[in-house]
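Trainee:
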Amino acid sequence: MGEYLDQIPENLKGHMGEIARGSGLPDGEETCEGIARAWLEKKASFEEQMRRLGMKEVDRVAARDERGFLVMTWSGSLIKVGPLVEASRRVEYASIGLRTNVPESAAAVSAALKDDVVAGRVVAFRHGPIRSSSPAFKIAVFTNPLGLAEQDEQLSLAARILTREFVEANAAVPRPRGGK
1 MGEYLDQIPE NLKGHMGEIA RGSGLPDGEE TCEGIARAWL EKKASFEEQM
51 RRLGMKEVDR VAARDERGFL VMTWSGSLIK VGPLVEASRR VEYASIGLRT
101 NVPESAAAVS AALKDDVVAG RVVAFRHGPI RSSSPAFKIA VFTNPLGLAE
151 QDEQLSLAAR ILTREFVEAN AAVPRPRGGK
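Numbering (our numbering), first residue to last: 1 to 180.
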């Protein structure tokens, strides 16, 4: 294995191979290393936004919990789940373009979680922008009490910043000449 893939948590290494196969990029160590490097950059960006916003990492958020939250998935996708308002949530999903078998982005103004969101399990929706994601890697919630509107505003800002940074990380993944 290489420099970056060696830094990926052991339980995610197989998933990195699946991402490489679903990317349409050439098979090989260079592709896996590029994807691993991008994933590590996304993880660092996610953790930095958590710190800046005064968020903490949790292992679970109950489907009925009113708080909004951010999720980074095993695939390095980003899910912004707004606070629960009148039985629905605003949800934004961004795969950020490496995979060809999932949408690049999707949003729903009125979404509902199917189950609790738990680290290591897929994030599933009863109705929303996607049916389910890859397993949640990191789940971040606010530590300070914020109103629902302020939570949604802060989460949307963080999602815009992270989406831009995730796109930049993916842009550095080596691509064949004339390809993607």
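Note that CB positions come from ideal geometry on N, CA and C, so glycine has one too.
Nothing here was measured: the structure is a model prediction, and the numbers come from that model.
How many angstroms separate the CA atom of A62 from the CA atom of E47?
Mentor: 22 Å
Trainee: Look up R90 in the DSSP assignment and say whether it is helix, strand or coil.
Mentor: strand
Trainee: Assign N170 to buried or exposed, taking buried as 16 or more other Cβ atoms, counted over all protein chains shown, within 10 Å of its Cβ.
Mentor: Its Cβ being crowded by 16 or more others within 10 Å, N170 is buried.
Trainee: Name, in chain order, the residues that DSSP records as bridge partners for L146.
Mentor: Its beta-bridge partners do not exist; DSSP assigns none.
Trainee: Starting from A36, follow the alpha helix (DSSP H) in both directions and report where the run begins and ends.
Mentor: That run of the alpha helix (DSSP H) goes 29-53.
Trainee: So if DSSP puts T73 in a beta bridge, which residue, or which two residues, is it bridged to?
Mentor: A136
Trainee: Beta carbon of V85, beta carbon of V141: below 7 Å?
Mentor: no
Trainee: Just to confirm, are T73 and S133 a CB contact at a threshold of 7 Å?
Mentor: yes
Trainee: Is R126 helix, strand or coil by DSSP?
Mentor: strand
Trainee: Could you check where the alpha helix (DSSP H) with K13 kicks off and where it finishes?
Mentor: 13-22
Trainee: Hey, would you say the C-beta of T143 is under 6 Å away from at least one heavy atom of the ligand MN?
Mentor: By its list of ligands, the structure shown contains no ligand whatsoever, and the ligand MN lies outside what it can speak to.
Trainee: Please identify the residue among A172, R131, L70 whose C-alpha is closest to the C-alpha of G54.
Mentor: In terms of CA proximity to G54, L70 leads the group A172, R131, L70.
Trainee: Considering only residues of the same chain and omitting the five flanking positions on each side of A108, which have a CB-CB separation below 6 Å?
Mentor: V91, G128, P129
Trainee: Alpha carbon to alpha carbon, what distance is there between P135 and D115?
Mentor: 13 Å
Trainee: Short of 7 Å in beta carbon distance, which residues of its chain neighbour L5, apart from the five on each side in sequence? Order them along the chain.
Mentor: K13, M16, C32, E33, A36
Trainee: According to the neighbour-count rule (16 or more other Cβ atoms, all chains shown, within 10 Å of its Cβ), is R262 buried or exposed?
Mentor: Outside the displayed span of the chain (1 to 180) sits residue 262, for which this structure offers no information.
Trainee: At which residues does the beta strand (DSSP E) containing I79 begin and terminate?
Mentor: Per DSSP, I79 belongs to the beta strand (DSSP E) from 78-81.
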